[in-house]
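The opening residue of the sequence shown carries number 1351 in this note's numbering; numbering runs sequentially from there.
Virtual Cβ for every residue (Gly too), placed ideally from N, Cα, C.
Heads up, the thing below is written out as C-alpha cells.
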Amino acid sequence: MVTRRRTGMAVRMTSNGRENGHPGEEFGALLRRFREQAGRSGNALAREADIDPSYLSRIEHGEREPPRPEVIDKLAEALRLSLFEQNQLLFAAGFAPTSLRQLGHWDRALQDVVDVLTDARFTAAARDDFRTVVHIIAAHWGQQTPGATYEARGAELDDKSSPPPPPTYS
C-alpha cells in the first residue's frame, strides 16, 4: 500500500492505485483492536493520551484521519504497545515507523529486504522462506554478546532454524 496526500488528508492507496476505504479506516480498526486487547475504555485511553474521547471514537470508527505521529506515540505509550505494534500503528496511519525514524535514513539493506519481499517473481512461499531467514539472522545478532560466535551458539539452534532452500520463481 502506498500513501498519498490529497487536500491535507492521508489517503490509503492499494498497489493498483485505488483508494482503500476512508482515510484512517485501517488505522482506526487497528487502534481499536489494540485498545480492546489492553482492556482499556476509550475514555480512559483518551484521558491518558491527552486527547478528547469523542475524537478518539471518531478515529476508531474511521470518521477522522489518523492523528499526527506525536499523538500516535502517546496512544502507543498509554496502551503499552511493543515497538512492533507502535510501528504497525504508524505505518497504518501513513507515517514512517519509529524504527525507521530512529535509524535516521533509508538504508541499502532495508531496500534489499523490501526488494525481495515485493518481487512478483517470487512465490508467497519463497517470500515466507526469506522472512524466516531474516528472522533467524535478526535473532542471531540480537542475542549476540560482543565477541560471541555463531559456532558457540550452535547448540541452541534446532533443525527448524536452518535456512530454507533458495527461493523459486513462479
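Going by CA-CA distance only, name the one from the options that's closest to residue i.
i: ARG1382; options: LEU1431, PRO1419, ALA1470 and GLU1420; result: LEU1431
i: GLY1378; options: THR1468, LEU1406, GLU1420 and ASP1479; result: LEU1406
i: GLU1413; options: ASP1423, ARG1390, GLU1376 and LEU1425; result: GLU1376
i: LEU1433; options: SER1449, GLU1420, VAL1421 and LEU1467; result: SER1449
i: LEU1380; options: GLU1410, GLY1389, ASN1393 and ALA1388; result: GLU1410
i: ASP1465; options: GLU1415, ASP1423 and ARG1481; result: ARG1481
i: LEU1467; options: ARG1451, THR1473 and ARG1477; result: ARG1477
i: ASP1462; options: TRP1491, GLU1415, GLY1492 and VAL1484; result: VAL1484
i: ALA1488; options: THR1473, LEU1460, ALA1475 and ALA1474; result: LEU1460
i: ARG1451; options: HIS1490, TRP1491, GLU1420 and GLY1492; result: GLU1420
Look at the alpha carbon of residue i and the alpha carbon of residue j, and state the distance between them as a whole number of angstroms.
i: GLN1436; j: ARG1471; result: 31 Å
i: SER1391; j: ARG1418; result: 21 Å
i: ALA1396; j: LEU1439; result: 16 Å
i: GLY1497; j: GLU1427; result: Here GLY1497 scores only 43 on pLDDT, less than 50, and its place in the model should not be relied on; the value that follows carries that caveat. Using only the alpha carbons, I get a separation of about 34 Å.
i: GLN1387; j: LEU1425; result: 14 Å
i: ARG1385; j: ILE1422; result: 13 Å
i: ALA1394; j: LEU1429; result: 10 Å
i: ALA1475; j: GLU1415; result: 35 Å
i: THR1486; j: ASP1479; result: For clarity, residue 1486 is Ile in the given sequence; the question names Thr instead. Near 11 Å, if we compare the C-alpha coordinates of ASP1479 and ILE1486.
i: TRP1456; j: GLY1492; result: 20 Å
i: HIS1490; j: ARG1408; result: 43 Å
i: GLY1454; j: GLY1389; result: 34 Å
Would you identify the three-state DSSP class for residue i, choosing helix, strand or coil?
i: PHE1472; result: strand
i: LEU1380; result: helix
i: ALA1446; result: coil
i: ALA1426; result: helix
i: GLY1497; result: Bear in mind that the predicted position of GLY1497 carries a pLDDT of just 43, short of 50, making it unreliable; the figure below should be weighed with that in mind. Three-state result, GLY1497: coil.
i: ARG1451; result: helix
i: GLU1398; result: helix
i: ARG1414; result: coil
i: ALA1388; result: coil
i: TRP1491; result: helix
i: ASP1462; result: helix
Inter-stretch contact (C-beta, 8 Å, three-pair minimum) for the stretch 1441 to 1450 and the stretch 1395 to 1403: no
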